[in-house]
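**Student:**
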Amino acid sequence: MPGLGTSFGRGAATTFQEDLQNSDCILIMGSNMAEAHPVGFRFVMKARENGAKIMHVDPHFSRTSAMCNEYVPIRTGTDIAFLGGIIHYILENDRWFKEYVLAYTNAATIINGDYTDAEELGGVFNGLQREERRYDQKVAAWNYAGEPKQPKNQTDQAIKAQSFSERLGHLENPVPPQDPTLQDPMCVFQILKRHYARYLAEKVAEICGCSQQQFLSVAESLCANSGRERTSAIVYAVGWTQHTTGVQIIRAAGIVQLLLGNMGRPGGGIMAMRGHASIQGSTDIPTLYDILPGYIPQPATMRDHGTLKDYLKQEEVSTGYWANLPKFMVSLLKAWYGEAAKKENDHGFGWVPRIDANYSQLPAFLRMAQGKVKGLFLFGQNPAAGAPNAKLNRKALMQLDWLVVRDWFEIESASFWYKGPEKPDPKAIKTEIFFLPAASNAEKDGSFTNTQRLLQWHDKAVDPPGDCRSDAWFVFQLGKRLKKLYAESQQKRDQGLLNLTWDYDHDRMQELPDGSLSKIIGEPDMEKILKEINGYTVKEGKHVAGFSELKDDGSTACGCWIYSGVFPEPGRNRARSRKRDAQNPTSPDWGFAWPHNRRMMYNRASADPEGKPWSERKKYMWWDEAAKRWTGVDTPDFEPDKPPSYRATNESRGMDAISGDAPFIMKPDGRAWLFAPMGTKDGPLPTHYEPMESPVPNLLYPEQASPLAEVFKDDLNQLAMAMDPEYPIVGTTYRLTEHYLSGPMSRFNSWLNELQPEMFVELSPELAQQRGITHGGWMVIWNKRAAIEARAMVTGRVQSLTVNGRTLHQIGIPFHWGFAGETVGSMANDLTSMVADPNVSMHEAKAFTCNVRAGRVGDADVADKFSAWPTRAKSPDTPESDQPEGQAI
Amino acid sequence: MDRPLEFQKQSKNSIERERDPRNQPFSANTIAKHSRIHDATKVHSVCPYCAVGCSQLIYVKGGKIIDIEGNPDSPINEGTLCPKGANTFQLSVNPHRVKQVMYRAPYSDRWEPRDLEWAMERIAQLTKEAREEGFVEERDGNIINNMPNVVSLGGATMDNEENYLIKKLFNGGLGMVAIENQARI
Numbered sequence: 000m001p002g003l004g005t006s007f008g009r010g011a012a013t014t015f016q017e018d019l020q021n022s023d024c025i026l027i028m029g030s031n032m033a034e035a036h037p038v039g040f041r042f043v044m045k046a047r048e049n050g051a052k053i054m055h056v057d058p059h060f061s062r063t064s065a066m067c068n069e070y071v072p073i074r075t076g077t078d079i080a081f082l083g084g085i086i087h088y089i090l091e092n093d094r095w096f097k098e099y100v101l102a103y104t105n106a107a108t109i110i111n112g113d114y115t116d117a118e119e120l121g122g123v124f125n126g127l128q129r130e131e132r133r134y135d136q137k138v139a140a141w142n143y144a145g146e147p148k149q150p151k152n153q154t155d156q157a158i159k160a161q162s163f164s165e166r167l168g169h170l171e172n173p174v175p176p177q178d179p180t181l182q183d184p185m186c187v188f189q190i191l192k193r194h195y196a197r198y199l200a201e202k203v204a205e206i207c208g209c210s211q212q213q214f215l216s217v218a219e220s221l222c223a224n225s226g227r228e229r230t231s232a233i234v235y236a237v238g239w240t241q242h243t244t245g246v247q248i249i250r251a252a253g254i255v256q257l258l259l260g261n262m263g264r265p266g267g268g269i270m271a272m273r274g275h276a277s278i279q280g281s282t283d284i285p286t287l288y289d290i291l292p293g294y295i296p297q298p299a300t301m302r303d304h305g306t307l308k309d310y311l312k313q314e315e316v317s318t319g320y321w322a323n324l325p326k327f328m329v330s331l332l333k334a335w336y337g338e339a340a341k342k343e344n345d346h347g348f349g350w351v352p353r354i355d356a357n358y359s360q361l362p363a364f365l366r367m368a369q370g371k372v373k374g375l376f377l378f379g380q381n382p383a384a385g386a387p388n389a390k391l392n393r394k395a396l397m398q399l400d401w402l403v404v405r406d407w408f409e410i411e412s413a414s415f416w417y418k419g420p421e422k423p424d425p426k427a428i429k430t431e432i433f434f435l436p437a438a439s440n441a442e443k444d445g446s447f448t449n450t451q452r453l454l455q456w457h458d459k460a461v462d463p464p465g466d467c468r469s470d471a472w473f474v475f476q477l478g479k480r481l482k483k484l485y486a487e488s489q490q491k492r493d494q495g496l497l498n499l500t501w502d503y504d505h506d507r508m509q510e511l512p513d514g515s516l517s518k519i520i521g522e523p524d525m526e527k528i529l530k531e532i533n534g535y536t537v538k539e540g541k542h543v544a545g546f547s548e549l550k551d552d553g554s555t556a557c558g559c560w561i562y563s564g565v566f567p568e569p570g571r572n573r574a575r576s577r578k579r580d581a582q583n584p585t586s587p588d589w590g591f592a593w594p595h596n597r598r599m600m601y602n603r604a605s606a607d608p609e610g611k612p613w614s615e616r617k618k619y620m621w622w623d624e625a626a627k628r629w630t631g632v633d634t635p636d637f638e639p640d641k642p643p644s645y646r647a648t649n650e651s652r653g654m655d656a657i658s659g660d661a662p663f664i665m666k667p668d669g670r671a672w673l674f675a676p677m678g679t680k681d682g683p684l685p686t687h688y689e690p691m692e693s694p695v696p697n698l699l700y701p702e703q704a705s706p707l708a709e710v711f712k713d714d715l716n717q718l719a720m721a722m723d724p725e726y727p728i729v730g731t732t733y734r735l736t737e738h739y740l741s742g743p744m745s746r747f748n749s750w751l752n753e754l755q756p757e758m759f760v761e762l763s764p765e766l767a768q769q770r771g772i773t774h775g776g777w778m779v780i781w782n783k784r785a786a787i788e789a790r791a792m793v794t795g796r797v798q799s800l801t802v803n804g805r806t807l808h809q810i811g812i813p814f815h816w817g818f819a820g821e822t823v824g825s826m827a828n829d830l831t832s833m834v835a836d837p838n839v840s841m842h843e844a845k846a847f848t849c850n851v852r853a854g855r856v857g858d859a860d861v862a863d864k865f866s867a868w869p870t871r872a873k874s875p876d877t878p879e880s881d882q883p884e885g886q887a888i
Numbered sequence: 000m001d002r003p004l005e006f007q008k009q010s011k012n013s014i015e016r017e018r019d020p021r022n023q024p025f026s027a028n029t030i031a032k033h034s035r036i037h038d039a040t041k042v043h044s045v046c047p048y049c050a051v052g053c054s055q056l057i058y059v060k061g062g063k064i065i066d067i068e069g070n071p072d073s074p075i076n077e078g079t080l081c082p083k084g085a086n087t088f089q090l091s092v093n094p095h096r097v098k099q100v101m102y103r104a105p106y107s108d109r110w111e112p113r114d115l116e117w118a119m120e121r122i123a124q125l126t127k128e129a130r131e132e133g134f135v136e137e138r139d140g141n142i143i144n145n146m147p148n149v150v151s152l153g154g155a156t157m158d159n160e161e162n163y164l165i166k167k168l169f170n171g172g173l174g175m176v177a178i179e180n181q182a183r184i
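So the sequences go chain by chain: L and Y.
FYI, in numbering that gives the first Met the number 0 the residues of the first sequence are 0 to 888.
FYI, in numbering that gives the first Met the number 0 the residues of the second sequence are 0 to 184.
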């Protein structure tokens, strides 16, 4: 999450769900929390009971909206216009928290004199290489004054901004030139003011389709509920991330929260609500192509990464916490390659594969569709129905030589060769498929990392049935077999595999909680893996207590430095700790939160520059002068004994470069970045662009869509031009409470299918009337990529909006159906496209264009090229409603 | 193994206290009755759906899961679960669940059950073959050491330890680079 990482230092939710109840005002945007994260939403409800103001800004009126004090409908994909308007409102009306902003952000920092803002260049920054879809940093000059124009860690497009090195940026001078009076025209504050000058309330209303009053009420509520005595929180989910501007939307929220002084304080922060049980964990310990565990950059050919020394020289950030990178990297290599990792051979650095292109999901599947990939391992993911442009994904699967599917049920990605909308002919499909049934989480030990960075262990209750095995078993046993197959090899390129430490067998038969013995042979001991993740001393094999004990001389091994401390001694697996502390609302002994069990990140900012709480009401962490330590209800996210009065100089390095009043210890200057001199590819300040497919012109700038957005060319992946009259309707996808993703974990379950039995699409009564679509009747939704059919849900929950003086219709499409499982239905993701954010390659399923009509696929000329799905046979009829829908709001 | 014992003891004591006829205005018959989870083994788990992280209690009796409920001790969910979380039982105990290895040969029109050992060996062989074919040691004088022709997808629904093994073996061992999951942000 570079949106958060570039602004604050770490790409993760800055606070924890329970803390939402301490908010005085909560803005939920890009999230339908009540329906997608119902249990987390109870803390929002507690806040409301305590008198907080709750606001929901969303294209779709949902149960979240119903529970809020205020609901503002907006056009999907216009979030930066809305948030930019709030930034403008804060600055224009002098509502920013002056002491906080001056001390804790880079507001006063002076930017290179050659910088030219999007304000002057029609919506782009200088240095744009339009053909290559990138900014030339040497020209762009986003950097601080006195720094080289081309920042050390800013990479070209093929490497995404996931790693700490790139997000954090690198400064030669940790104390950059500043103007504390904020008058210098090149200081961040003045640039910010100019950049957002055009984000006026009337413009916001015109672009987003809400009224000025609705917008102003949200802006004013946030301002009125921020400051010394009060704090506001922002909650988002994939409604923000799944855009070509997703990273910048989150950056914009970061700017709002920094200007209002809400970061690192109770009831404040930005709560990212993530969608999978361990999606945070699979980013921290990444099954991602561009990072190694703990956000260490994957070595790449595009950088000077020849030797370990070159790599560290390139990637180290010499000021702030990332100066410790050599310790984390060498310890990782020791964890992977054991004794074979020696100083003489660069600790095995040469064995780590280099990336030489963008290998993220979308381009990987595009290459697969072109027949360039031989094999695919699928672990609990379902691209045949769930990935953007699912149709293209199904074609990709058909080009594979072999495919391993690890799942519980025969999902779409396992059955695409004989069923699906394309009516495939098995005799024409070469893919050799292995369906290896997986264990459920109740049938294995292990830890999940939840949305608030909290590691929680789940205990194995019973053995998995039949051939079902944990994914750990599969990878462990596959590794053993491959090691055997290569055992005789003397080839250099096989030595990494042969030297890989791979010793996770249980020491004795595993005992299950009911006292019986496990009958599964070859299951790895998950606590042995957790110990390696936590780190240990190489010589004694002793668990390390935390990442501060890691060394760069090869004497420690650690599989993921940010998780270090989770297993500090034998028998003390803190992820498995389940103690509530009635005295401490942060529940420090319930699970383990990275980093170092800090529940709220950047919590040094909960105290003023002198170390005193901003107010008694919002007291959290403070400097105890007598004890000479930081203290409070949480673990300080700061050096525990660094006094507030400590001052860094430009000669300081490492943590010495972080002053005692600089709470953002990961950043090279210790301050949060309103303006990002590096770390984002598409500009230092969030700028409103229309989605790649949009029926509306960009009303703020001549530049229509993000000039850097990634576009993947394929016949099956065509995009509609902006304002294409054939596709005047905006489509967005979303989740229902009763279903999950494309359905593998819900559509094989009778209890859930009973609650939510059929695919439908929500549309407004005006649109339905215009197109002759009836509530409960069939409708077709089509665009350049596919045509799908669904039952129509005609409802006031989706409002037609007035945008740019015209009526604009949006439709809402749940994305849970497919052609496998107990209930089947059209796939929303056949309509979505492969286009992506330039920072992270995240797709844009939340905003695309389409058209609708009454009827079914195949019964009109326009959509004849698409086949009907699921079936033309009679479906159980949904009765037509004769009861008019009530006013939703 | 020490895991649920202490917890069980506490809950047993409290249940016994509750059942004491002196504390309850119930008939002897009623007192003799109890819920079906009464003498089940209680196992701590975490909901496998979204990332809220609700704690769950799995009840095991006779080697089988008989119920999964929200854990009242958790500061996050305090015993509650949403409709999906309440459905967790049906993920493990489900008639649609595939319990044996299935194999579909190239151009075949059917699944065939196969032996797990056979499948593992075949997958290892195919992985090796693809690696031999696709491995790039260097290009233009740059070390590359990667194999771009095999892709791994998934991880966000799995344990940290499993993600660790995937990254370590596929990337650090084999040189696969196209390793991805749902978390592309």
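Glycine included, every Cβ here is placed at the ideal spot set by N, Cα and C.
Starting from Lys45(L), follow the alpha helix (DSSP H) in both directions and report where the run begins and ends.
**Tutor:** Unbroken alpha helix (DSSP H) run through Lys45(L): 40-48.
**Student:** Measure the CB-CB distance between Gly280(L) and Phe447(L) and report whether it falls below 8 Å.
**Tutor:** Yes.
**Student:** Relative to the alpha-carbon of Phe88(Y), which residue among Pro724(L), Ala441(L), Tyr739(L), Asn649(L) has its alpha-carbon at the smallest distance?
**Tutor:** Of Pro724(L), Ala441(L), Tyr739(L), Asn649(L), the residue nearest in Cα terms is Ala441(L).
**Student:** If we define contact as Cβ-Cβ less than 8 Å, is Ala27(Y) a contact residue for chain L?
**Tutor:** By this cut-off, Ala27(Y) is not an interface position.
**Student:** Since Pro676(L) and Trp141(L) should fall inside the 8 Å C-beta cutoff, what is the C-beta to C-beta distance between them, to a whole number of angstroms?
**Tutor:** The pair is a contact, with the Cβ atoms about 5 Å apart (cut-off 8 Å).
**Student:** Report yes or no: is there a C-beta of chain L within less than 8 Å of the C-beta of Lys32(Y)?
**Tutor:** No, Lys32(Y) does not count as interfacial toward chain L.
**Student:** Helix or strand or just coil, what does DSSP make of Phe96(L)?
**Tutor:** Residue state, collapsed to three classes: coil.
**Student:** Are the C-beta of Ser547(L) and some C-beta of chain Y separated by less than 8 Å?
**Tutor:** Judged by the 8 Å Cβ criterion, Ser547(L) is not in contact with chain Y.
**Student:** Let me see if you follow: with CB-CB separation under 8 Å, is Ser151(Y) close to chain L or not?
**Tutor:** By this cut-off, Ser151(Y) is an interface position.
**Student:** When you compare only the Cα positions, how much space is there between Met348(L) and Lys312(L)?
**Tutor:** The sequence shown places Phe at residue 348(L), not Met. Near 14 Å, if we compare the C-alpha coordinates of Lys312(L) and Phe348(L).
**Student:** Which of the three DSSP states, helix, strand or coil, is assigned to Cys53(Y)?
**Tutor:** Here Cys53(Y) sits in coil by DSSP.
**Student:** Within this structure, are the beta carbons of Leu324(L) and Ile354(L) separated by less than 8 Å?
**Tutor:** Not in contact: Leu324(L) and Ile354(L) (Cβ atoms no closer than 8 Å).
**Student:** Note down the Cα distance separating Glu431(L) from Arg103(Y), rounded to an integer number of angstroms.
**Tutor:** Spanning the two alpha carbons is a distance of roughly 6 Å.
**Student:** Can you give me the C-alpha to C-alpha distance between His33(Y) and Arg468(L), rounded to a whole angstrom?
**Tutor:** Those two C-alpha atoms are separated by around 35 Å.
**Student:** Mind reading off the beta-carbon distance from Leu375(L) to Leu332(L)? Whole number of angstroms is fine, and I expect it under 8 Å.
**Tutor:** Rounded, the Cβ-Cβ distance is 28 Å, inconsistent with contact.
**Student:** Applying the criterion that 16 or more other CB atoms from any shown protein chain within 10 Å of the CB defines a buried residue, is Leu257(L) buried or exposed?
**Tutor:** Buried: at least 16 other Cβ atoms inside 10 Å.
**Student:** Who are the near neighbours of Ala177(Y) in its chain, counting only those whose CB is closer than 8 Å to its CB and skipping five residues on each side?
**Tutor:** Excluding positions up to five away in sequence, the list reads Pro147, Val149, Val150, Ser151.
**Student:** Report the rounded CA-to-CA distance for Ser439(L) versus Lys98(Y), giving the unit in angstroms.
**Tutor:** Each residue's alpha carbon lies about 12 Å from the other.
**Student:** Which stretch, first to last residue, makes up the alpha helix (DSSP H) that contains Arg130(Y)?
**Tutor:** Looking at the DSSP string, the run of the alpha helix (DSSP H) that includes Arg130(Y) is 115-133.
**Student:** Counting only runs of 3+ residues fully inside the stretch 223-255 of chain L, write out the beta strand (DSSP E) ranges in chain order.
**Tutor:** List check, beta strand (DSSP E) in window: 231-235.
**Student:** Using a Cβ-Cβ cutoff of less than 6 Å, which residues in the same chain neighbour Glu179(Y) once the five nearest sequence positions on both sides are dropped?
**Tutor:** Result list for Glu179(Y): Leu152, in chain order.
**Student:** Within this structure, are the beta carbons of Trp407(L) and Leu90(Y) separated by less than 8 Å?
**Tutor:** For Trp407(L) and Leu90(Y), yes; Cβs fall inside 8 Å.
**Student:** Less than 8 Å between CB atoms is the rule here; does Met367(L) satisfy it with respect to chain Y?
**Tutor:** At least one chain Y Cβ lies under 8 Å of Met367(L).
**Student:** Opposite Gly69(Y) in the DSSP bridges: which residues?
**Tutor:** Gln55(Y), per the DSSP bridge assignment.
**Student:** Considering only the beta carbon of each residue, do Leu718(L) and Val834(L) sit closer than 8 Å?
**Tutor:** For Leu718(L) and Val834(L), yes; Cβs fall inside 8 Å.
**Student:** Going straight from the alpha carbon of Ser874(L) to that of Glu757(L), what length do you get?
**Tutor:** Bear in mind that a pLDDT of 43 at Ser874(L), under 50, signals an unreliable position, so the number given afterwards is only what the model happens to contain. For Ser874(L) and Glu757(L), the distance between alpha carbons rounds to 10 Å.
**Student:** Identify the continuous beta strand (DSSP E) that holds Val403(L) and give its terminal residues.
**Tutor:** It spans 401-406 - the beta strand (DSSP E) in which Val403(L) sits, taken as one unbroken run.
**Student:** For Asp178(L), which option in Lys712(L), Gln189(L), Ser547(L), Phe433(L) has the closest C-alpha, if you only look at C-alpha atoms?
**Tutor:** Answer by Cα proximity: Gln189(L).
**Student:** For Asp19(Y) and Tyr58(Y), what's the separation of their Cα atoms in angstroms?
**Tutor:** The alpha-carbon atoms of Asp19(Y) and Tyr58(Y) are separated by roughly 24 Å.
**Student:** So what's Tyr938(L) in DSSP terms, helix, strand or just coil?
**Tutor:** With chain L running from 0 to 888 in the structure shown, residue 938(L) is simply not present.
**Student:** Please identify, using Cβ separations under 7 Å, the residues of the stretch 353-366 of chain L that lie next to chain Y, in order along the chain.
**Tutor:** Cβ contacts with chain Y come from Arg353, Ile354, Asp355, Tyr358, Ser359, Gln360, Ala363.
**Student:** With a 10 Å radius around its C-beta and 16 neighbouring C-beta atoms as the bar for buried, classify Pro112(Y) as buried or exposed.
**Tutor:** Pro112(Y) is exposed by the Cβ-count criterion.
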